[in-house]
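Protein chains: 2
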Amino acid sequence: MPVTIRDVAQKLGLSIATVSRALDGYPDIALETRRRVGQLAKEMGYAPNRAARQLRRKKADAIGYILPSDSPRFADSFFAEFLVGLSDETAHHPFDLLISIASPGDETEQQIYTNWVQTRKVDGFVLNRLRRNDWRTRFLSEQGVPFSALEHADEALDYPRIVIDNTAGMVELVLHLASAGYHRLAFIGGPEDLIIHLERLAGFRQGLEIAGLPFDLSLCLSGNLTSDAGYQAVKRMRGLPDSPDAIVCVNDETAFGVLHALHEMGLKAGQDVGVTGFDGVQASRHTDPPLTTLDVPVSQTARQLVRMLALEMTHQPLTERRAVILPRLLARQTTQRK
Amino acid sequence: MPVTIRDVAQKLGLSIATVSRALDGYPDIALETRRRVGQLAKEMGYAPNRAARQLRRKKADAIGYILPSDSPRFADSFFAEFLVGLSDETAHHPFDLLISIASPGDETEQQIYTNWVQTRKVDGFVLNRLRRNDWRTRFLSEQGVPFSALEHADEALDYPRIVIDNTAGMVELVLHLASAGYHRLAFIGGPEDLIIHLERLAGFRQGLEIAGLPFDLSLCLSGNLTSDAGYQAVKRMRGLPDSPDAIVCVNDETAFGVLHALHEMGLKAGQDVGVTGFDGVQASRHTDPPLTTLDVPVSQTARQLVRMLALEMTHQPLTERRAVILPRLLARQTTQRK
DNA sequence: TTGTAGGCGTTATCAA
DNA sequence: TTGATAACGCCTACAA
Numbered sequence: 010m011p012v013t014i015r016d017v018a019q020k021l022g023l024s025i026a027t028v029s030r031a032l033d034g035y036p037d038i039a040l041e042t043r044r045r046v047g048q049l050a051k052e053m054g055y056a057p058n059r060a061a062r063q064l065r066r067k068k069a070d071a072i073g074y075i076l077p078s079d080s081p082r083f084a085d086s087f088f089a090e091f092l093v094g095l096s097d098e099t100a101h102h103p104f105d106l107l108i109s110i111a112s113p114g115d116e117t118e119q120q121i122y123t124n125w126v127q128t129r130k131v132d133g134f135v136l137n138r139l140r141r142n143d144w145r146t147r148f149l150s151e152q153g154v155p156f157s158a159l160e161h162a163d164e165a166l167d168y169p170r171i172v173i174d175n176t177a178g179m180v181e182l183v184l185h186l187a188s189a190g191y192h193r194l195a196f197i198g199g200p201e202d203l204i205i206h207l208e209r210l211a212g213f214r215q216g217l218e219i220a221g222l223p224f225d226l227s228l229c230l231s232g233n234l235t236s237d238a239g240y241q242a243v244k245r246m247r248g249l250p251d252s253p254d255a256i257v258c259v260n261d262e263t264a265f266g267v268l269h270a271l272h273e274m275g276l277k278a279g280q281d282v283g284v285t286g287f288d289g290v291q292a293s294r295h296t297d298p299p300l301t302t303l304d305v306p307v308s309q310t311a312r313q314l315v316r317m318l319a320l321e322m323t324h325q326p327l328t329e330r331r332a333v334i335l336p337r338l339l340a341r342q343t344t345q346r347k
Numbered sequence: 010m011p012v013t014i015r016d017v018a019q020k021l022g023l024s025i026a027t028v029s030r031a032l033d034g035y036p037d038i039a040l041e042t043r044r045r046v047g048q049l050a051k052e053m054g055y056a057p058n059r060a061a062r063q064l065r066r067k068k069a070d071a072i073g074y075i076l077p078s079d080s081p082r083f084a085d086s087f088f089a090e091f092l093v094g095l096s097d098e099t100a101h102h103p104f105d106l107l108i109s110i111a112s113p114g115d116e117t118e119q120q121i122y123t124n125w126v127q128t129r130k131v132d133g134f135v136l137n138r139l140r141r142n143d144w145r146t147r148f149l150s151e152q153g154v155p156f157s158a159l160e161h162a163d164e165a166l167d168y169p170r171i172v173i174d175n176t177a178g179m180v181e182l183v184l185h186l187a188s189a190g191y192h193r194l195a196f197i198g199g200p201e202d203l204i205i206h207l208e209r210l211a212g213f214r215q216g217l218e219i220a221g222l223p224f225d226l227s228l229c230l231s232g233n234l235t236s237d238a239g240y241q242a243v244k245r246m247r248g249l250p251d252s253p254d255a256i257v258c259v260n261d262e263t264a265f266g267v268l269h270a271l272h273e274m275g276l277k278a279g280q281d282v283g284v285t286g287f288d289g290v291q292a293s294r295h296t297d298p299p300l301t302t303l304d305v306p307v308s309q310t311a312r313q314l315v316r317m318l319a320l321e322m323t324h325q326p327l328t329e330r331r332a333v334i335l336p337r338l339l340a341r342q343t344t345q346r347k
């Protein structure tokens, strides 16, 4: 039987109201009383019952993150780093982190978000992997539930967010490829309505234009952000009459699959075919050969999203509702012709 | 203002008690009533308030997992896969998953576990990365809080658990190395009191014995499961008079750092120095060159831990309180001399 | 500066 | 088969 506020009050001969206020730091408490209460509470190991507090305060003191994963058995290390950032920053705030998982755009995704909002399970969300016309941002806005997001999906909505400058990053990457001597570039993207797909593809095209290289629609394949998709895409590509000499991937994970496929086909990444990723996950340093990619400070970004959300939830003036991150080019061996 | 059970009752001209019982499937409700209640509740989008329910039922309907990470900015993909398993399985049960993070053995670790137990924030835990004489298993047992664990730390305690046969795996791995022609093996471990460290090291020694190879204490270095530790260990090793021709790592992440270091030193993994990991995380398929490792079905294991915990929490007869997993050898290029 | 008391939304006990 | 009603533990007007 855990100790309640009653037990503390009784032992001190005080009312529970006094104890409550003393512990919550209200000013109308005698210094001596506050001290005694604080000490005994600690001695007895008192901690306020969460459920009771939530019920009374009408707040869950919790934030939610729904892992957007297609496959229930797989997640790239982007998520590991993201989750570490989320949980670590959350631990420094007076609220909890609730996690679930759902296929993006799926019906169960709606169910989870709706349920969490309705039952007041959490009072804020962190979103990422936004889609064009994402129902989540609209839904949460309508419901008046605060959230912060990585990426920006809806021009009409003004929520706290961090935006990666995908376009600028991609342009830099394409120019890097061009100057390394690659001139027939393919692109392997993700789901077509994903913001990062759209923006990175746009940046890719813009880069080609600046570099004076042609854009060939037949070299523009779609995937689903997994290494498997990258693998499959390469296999499909080999059937083409005029195959590319470099493959730009929407994320690192896709690039891993590409490397794998090239390996199998006896092609040397870098020397024979250039390969690039996006995100700069840890694993990209150790691929065969090390992967050229655009580095994004994933864990740090997650942390900042939590901070933004925390301010939003407490209605504090958020001076910085938007932050832009410029990805950093990590030029490694998969883009060296030697 | 979310809809409460009152609203539903009022609209039907019933008491809240009846509505409550109808929705919870009690038998003493007229069939017709049950139907009407169910329908209207759905129409109105009623969902019981969590906090109120928790307070009344004295259960949180939630389980907790505290990520054991030393560094607040880093986690290997083992955790990504583990978390995916946890969250996916939890989503199929009527409870939530709470996540936090703490340095193993740290004071804040104790605080978090204690706090979560005291405030009834969760009513069960999933543990992993157990240490020898782990206070967590004792603490939770004493408190009567259910938990399931990956690995087994305390012979005196009988909790539902999944155990990886580290010893058998390591023996197989060492024999594989021996038959490939490596005969001076080093070991890079993790924190000394970690169960996986102890067991894998024991398996390593046993394997050496069977293979008729010597065990050299000076070739037994410790790390902290990160790639950085692997990297550093190799650098330290080069100072030795008689350096090893193969490096066995306690986990994949450590091995990644080893590969990195060898690369820098101009050594070819496999050909010059054998390298092995443990866990079989996705990234191990794409290292340079692909890493030989012992594969553990991480995500699936996490799922099973949740199932075990769920049964334990509902006091259902758990026929299978212990499961053993035999890791599968993935012999890849880092152990090929060519 | 402290105490009294009402109520947050549910569930469970007891009558009706 | 249904309805009052009393908790669950905490917070906060308001009164003392």
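Protein chains in written order, with the numbering used here: chain A, 10 to 347; chain B, 10 to 347.
We treat Cβ as the ideally placed atom computed from N, Cα and C, and that holds for glycine.
Note that this is a predicted model, so its numbers are computed, not measured.
#1: Helix or strand or just coil, what does DSSP make of F104 of chain B?
#2: Please report the residue range of the alpha helix (DSSP H) in which T117 of chain A lies.
#3: Would you say I173 of chain B faces chain A, with C-beta separation under 8 Å as the test?
#4: Report the option in A:E151, A:D174, A:N137 and A:T310 whose CA atom is closest to the CA atom of A165 of chain A.
#5: For I38 of chain B, write down the residues that DSSP places opposite it in a beta bridge.
#6: Quick one: what does DSSP say G283 of chain B is sitting in, helix, strand or coil?
#7: Taking Cβ positions, are G94 of chain A and L335 of chain A nearer each other than 8 Å?
#8: Could you check which residue in B:L320, B:T343 and B:G248 has the C-alpha nearest to that of T285 of chain B?
#9: Confirm, please, whether the CB-CB distance from P169 of chain B to M317 of chain B is below 8 Å.
#10: How should D105 of chain A be labelled, buried or exposed, when 16 other C-beta atoms within 10 angstroms of its C-beta is the threshold for buried?
#11: On the criterion of 16 or more Cβ atoms from any shown chain inside 10 Å, does V183 of chain B qualify as buried, or is it exposed?
#12: For V333 of chain B, count the other beta carbons within 10 Å of its own beta carbon; 16 or more makes it buried, fewer makes it exposed. Which is it?
#13: Might you give, ordered along the chain, the residues of its own chain that have their beta carbon closer than 8 Å to the beta carbon of R15 of chain B, omitting 5 neighbours on each side?
#14: Following the continuous alpha helix (DSSP H) through L136 of chain B, name the residue where it begins and the one where it ends.
#15: Once you ignore the five residues that flank Y55 of chain B on each side, which residues in its own chain have a CB closer than 6 Å to its CB?
#16: Between T296 of chain A and chain B, is there a C-beta pair that is closer than 8 Å?
#17: Whole alpha helix (DSSP H) runs in the stretch 160-222 of chain A with 4 or more residues, listed along the chain?
#18: Does the pairing of the stretch 261-268 of chain A with the stretch 235-250 of chain A give three or more beta-carbon distances under 8 Å?
#19: Measure the CB-CB distance between A187 of chain B and A220 of chain B and report whether it falls below 8 Å.
#20: Apart from the five residues just before and just after V126 of chain B, which ones in its own chain have a Cβ nearer than 6 Å to its Cβ?
#21: Would you give the residue range spanned by the alpha helix (DSSP H) that L271 of chain A belongs to?
#22: Measuring only between beta-carbons, confirm whether K130 of chain A sits less than 8 Å from chain B.
#23: From the DSSP output, in three-state form, read off L318 of chain A for me.
#24: If you reduce the DSSP assignment to three classes, tell me which class S150 of chain B lands in.
#25: Under DSSP, the alpha helix (DSSP H) around S29 of chain A begins and ends at which residues?
#26: Is the beta carbon of I72 of chain B closer than 8 Å to that of A100 of chain A?
#27: Cβ atoms of L32 of chain B and G22 of chain B: under 8 Å apart, would you say?
#28: Given a threshold of 16 other Cβ atoms within 10 Å of its Cβ, counted over all protein chains shown, does P113 of chain A qualify as buried or as exposed?
#29: Assuming F224 of chain B and R209 of chain B form a contact by the criterion Cβ under 8 Å, report the distance between their Cβ atoms to the nearest whole angstrom.
#30: Hey, does N137 of chain A have any beta-carbon neighbour from chain B nearer than 8 Å?
#31: Verify the CB distance criterion: does H269 of chain B have a CB-CB separation below 8 Å to chain A?
#32: Say whether the stretch 194-206 of chain B touches the stretch 122-136 of chain B, bearing in mind that this needs 3 or more beta-carbon pairs closer than 8 Å, one atom from each stretch.
#33: State the Cα-Cα distance for the pair D325 of chain A and D167 of chain A, rounded to the nearest angstrom.
#34: Can you grab the Cα-Cα spacing for the pair R65 of chain A / R65 of chain B, in whole Å?
#35: Please classify T328 of chain A as buried or exposed, where buried requires at least 16 neighbouring CB atoms within 10 angstroms.
#36: CB E288 of chain B to CB V315 of chain B, shorter than 8 Å?
Taking the definition as stated:
#1: The residue given as residue 104 of chain B occupies position 95 in the second sequence. Here F104 of chain B sits in coil by DSSP.
#2: As a working mapping, residue 117 of chain A is identified with position 108 in the first sequence. Residues E116 to Q127.
#3: Sequence index remark: in the second sequence, residue 173 of chain B carries index 164 (1-based). No - not a single Cβ of chain A is within 8 Å of the one on I173 of chain B.
#4: In the first sequence, counting from the first residue as 1, residue 165 of chain A sits at position 156. Out of A:E151, A:D174, A:N137 and A:T310, A:E151 has the C-alpha closest to the C-alpha of A165 of chain A.
#5: Indexing the second sequence from 1 puts residue 38 of chain B at position 29. DSSP output for I38 of chain B lists no bridge partner at all.
#6: The sequence position of residue 283 of chain B within the second sequence is 274, counting from 1. G283 of chain B falls in the strand class under three-state DSSP.
#7: By 1-based counting over the first sequence, the position of residue 94 of chain A is 85. By 1-based counting over the first sequence, the position of residue 335 of chain A is 326. Their beta carbons are not under 8 Å apart, which means G94 of chain A does not touch L335 of chain A by this criterion.
#8: Indexing the second sequence from 1 puts residue 285 of chain B at position 276. Ranking B:L320, B:T343 and B:G248 by Cα distance to T285 of chain B puts B:T343 first.
#9: The residue labelled residue 317 of chain B in the question sits at position 308 within the second sequence. The residue labelled residue 169 of chain B in the question sits at position 160 within the second sequence. Their beta carbons are under 8 Å apart, which means M317 of chain B touches P169 of chain B by this criterion.
#10: Numbered from its first residue, the first sequence carries residue 105 of chain A at position 96. Buried.
#11: Here the question's residue 183 of chain B lines up with position 174 in the second sequence. V183 of chain B should be labelled buried.
#12: Within the second sequence, residue 333 of chain B is the residue found at index 324, counting from 1. It counts as exposed.
#13: Taking the first residue of the second sequence as position 1, residue 15 of chain B is located at position 6. Contacts found: I25.
#14: Stepping through the second sequence from its first residue, residue 136 of chain B is reached at position 127. Careful: L136 of chain B lies outside any alpha helix (DSSP H), inside the beta strand (DSSP E) at F134 to L136.
#15: As a first step, residue 55 of chain B must be located in the second sequence, where it is residue number 46. Correct list, in chain order: V12 and V17.
#16: As a position in the first sequence, residue 296 of chain A is number 287, starting the count at 1. Cβ-Cβ to chain B under 8 Å: yes for T296 of chain A.
#17: 175-188 and 204-220
#18: yes
#19: Position 178 of the second sequence holds residue 187 of chain B. Position 211 of the second sequence holds residue 220 of chain B. Taking 8 Å as the Cβ cut-off, A187 of chain B and A220 of chain B qualify as a contacting pair.
#20: Position 117 of the second sequence, counted from the first residue, corresponds to residue 126 of chain B. Excluding sequence neighbours, V126 of chain B sits near Q152 and V154.
#21: Within the first sequence, numbered from 1, the residue matching residue 271 of chain A stands at position 262. Counting along the chain, the alpha helix (DSSP H) containing L271 of chain A begins and ends at D261 to E273.
#22: Your numbering for residue 130 of chain A matches position 121 in the first sequence. Chain B contact via Cβ: present.
#23: In the first sequence, residue 318 of chain A corresponds to position 309, counting from 1. Residue state, collapsed to three classes: helix.
#24: Position 141 of the second sequence, counted from the start, is the residue given in the question as residue 150 of chain B. It is helical.
#25: Within the first sequence, numbered from 1, the residue matching residue 29 of chain A stands at position 20. Note, S29 of chain A: alpha helix (DSSP H), I25 to D33.
#26: Here residue 100 of chain A refers to the residue found at position 91 of the first sequence. Here residue 72 of chain B refers to the residue found at position 63 of the second sequence. Cβ distance not < 8 Å, so A100 of chain A and I72 of chain B don't count as in contact.
#27: Here residue 22 of chain B is taken as the residue at index 13 of the second sequence, counted from 1. Here residue 32 of chain B is taken as the residue at index 23 of the second sequence, counted from 1. No, the pair does not count as a contact, with Cβ atoms beyond the cut-off.
#28: By one-based count along the first sequence, residue 113 of chain A stands at place 104. P113 of chain A is buried by the Cβ-count criterion.
#29: Here residue 224 of chain B is taken as the residue at index 215 of the second sequence, counted from 1. Here residue 209 of chain B is taken as the residue at index 200 of the second sequence, counted from 1. F224 of chain B to R209 of chain B, Cβ: 14 Å. No contact.
#30: Sequence index remark: in the first sequence, residue 137 of chain A carries index 128 (1-based). Chain B, which has no Cβ nearer than 8 Å to the Cβ of N137 of chain A, makes this no.
#31: Taking the second sequence and counting its residues from 1, the one referred to as residue 269 of chain B is at position 260. By this cut-off, H269 of chain B is an interface position.
#32: no
#33: In the first sequence, counting from the first residue as 1, residue 325 of chain A sits at position 316. In the first sequence, counting from the first residue as 1, residue 167 of chain A sits at position 158. Per the sequence presented here, residue 325 of chain A reads as Gln, with Asp not at that position. Looking at the two C-alpha atoms, the distance is approximately 16 Å.
#34: Mapped onto the first sequence, residue 65 of chain A falls at position 56. Mapped onto the second sequence, residue 65 of chain B falls at position 56. If you take the alpha carbons of R65 of chain A and R65 of chain B, they lie about 13 Å apart.
#35: Taking the first sequence and counting its residues from 1, the one referred to as residue 328 of chain A is at position 319. Per the 10 Å Cβ criterion, exposed.
#36: What you label residue 288 of chain B is simply residue 279 of the second sequence in a count that begins at 1. What you label residue 315 of chain B is simply residue 306 of the second sequence in a count that begins at 1. According to the sequence displayed, residue 288 of chain B carries Asp and not Glu. No, they are not a contact pair.
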